[in-house]
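Notes follow the structure.
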Amino acid sequence: ALGYRHDAADVDTAKYPAPATPEGKKQVCSNCKLYQAGDDGWGGCAIFPGKQVQGIGWCSAWITS
Ligand code: SF4
């Protein structure tokens, strides 16, 4: 859902072009407003309750913090 990948470099940019743009390359979970930093590079995300996302991940709900 939402094109989430544990590594932003693995996003399917045919479906989700944003990460391929110069601005999009700066977007990762760890600088997303919805990220709640946890341990070992993982964290919580308001979009995926009860799951852990990776700090270097990305999804199309990314929002500037
Ligand atoms: Fe990562 Fe998407 Fe959650 Fe933001 S909304 S922390 S980009 S999974």
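Residue numbers (the numbering used here): 885 to 949. Glycine residues also receive a C-beta, built at the ideal position from the N, C-alpha and C atoms. Note that this is a predicted model, so its numbers are computed, not measured.
- For residue 892, the number of other beta carbons within 10 angstroms of its own is at least 16, and it is reported as buried.
- Taking 8 Å as the cut-off, the beta carbon of residue 947 is found closer than this to the beta carbon of residue 916.
- Secondary structure in the region 909 to 947: the beta strand (DSSP E) runs of 3 residues or longer, each lying completely within the stretch, are 919 to 921, 926 to 929 and 936 to 938 in chain order.
- Residue 927 counts as buried, since at least 16 other C-beta atoms from the protein chains shown sit within 10 angstroms of its C-beta.
- Residue 920 sits exposed, since fewer than 16 C-beta atoms from the chains shown fall within 10 Å of its C-beta.
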